[in-house]
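For what it's worth, our numbering labels the leading residue of the sequence shown as 6, then goes sequentially. Every residue, glycine too, gets a C-beta built ideally from N, C-alpha and C. Note that the coordinates shown come from a computational prediction; the quantities given were computed from them, not determined experimentally. Structure first, commentary second.
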Amino acid sequence: MKMLSSNGEVKRAVASGDYAFGLTDTDDAAGALQEGKPVGVVYPDAEGLGTLLIPNAVVLIADGPNAENGKKFIDYVLSPEVEKALAEGDARQIPLRPGVAVPAGMKRLEEIKAMKVDYAKVAAKLEELARGFLKDWVEKQR
């Protein structure tokens, strides 16, 4: 096993044939497909643990000074038009709305078995990870 320095590096290494497979995110996988690279996309462990889905969030700050504009922005971001643009854009976001198309070679949210993650527990471990594993990994990438 080798940890590469970025998702983009994983995409390039697999697309060039240097590696048979790699773990990356949807934007890099979809980008390789769009570029016509000889790759496929597999969503890990559909029968077991599932695929890690990292949620996006748009939030309204409690007691913030611009609540009304914040609500308008949230409505805009969650509109079908913006979901479509985010799905088709370079970031390749997975849309929540059933009627919004996904890029070729990618799956809809309801077609993916999501891994169950306790994000509160993960957050509690972040500092420990930053001091240990992540620090070591960053050092090795230099």
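Leaving out the 5 sequence neighbours to the left and right, which residues in its chain are closer than 6 angstroms to residue i when beta-carbon positions are compared?
i    : result
E88  : P100, R102 and V105
I117 : Y48 and T56
D50  : none
E52  : none
E133 : none
Return yes when the Cβ of residue j is within less than 8 angstroms of the Cβ of residue i, no when it is not.
i    : j   : result
V46  : G94 : no
D33  : K7  : no
M120 : L28 : no
N12  : D30 : yes
R136 : A35 : no
Please report the Cβ distance between residue i and residue j, rounded to the nearest whole angstrom; I am assuming they are in contact, meaning their Cβ atoms lie under 8 angstroms.
i   : j    : result
A92 : V107 : 6 angstroms
Residues in the same chain with beta-carbon distance under 8 angstroms from residue i, minus the five sequence neighbours each way, listed in chain order, please.
i    : result
G69  : G75
R113 : I99, P100, P103 and V107
N61  : Q98
P85  : R102, G104 and V105
Decide if residue i is buried, meaning its Cβ has at least 16 other Cβ atoms within 10 Å, or exposed.
i   : result
L38 : buried
V19 : buried
V63 : exposed
V44 : buried
In its own chain, which residues sit with a C-beta less than 7 angstroms from the C-beta of residue i, not counting the 5 before and 5 after it?
i    : result
L65  : A72, G75, K76 and I79
W142 : M8
Which one or two residues does DSSP pair with residue i in a beta bridge?
i   : result
T56 : A119
Comparing the C-beta of residue i with each C-beta of chain B, is any distance below 8 angstroms?
i   : result
P43 : Given the protein chain composition of this structure (a single chain), no chain B is represented.
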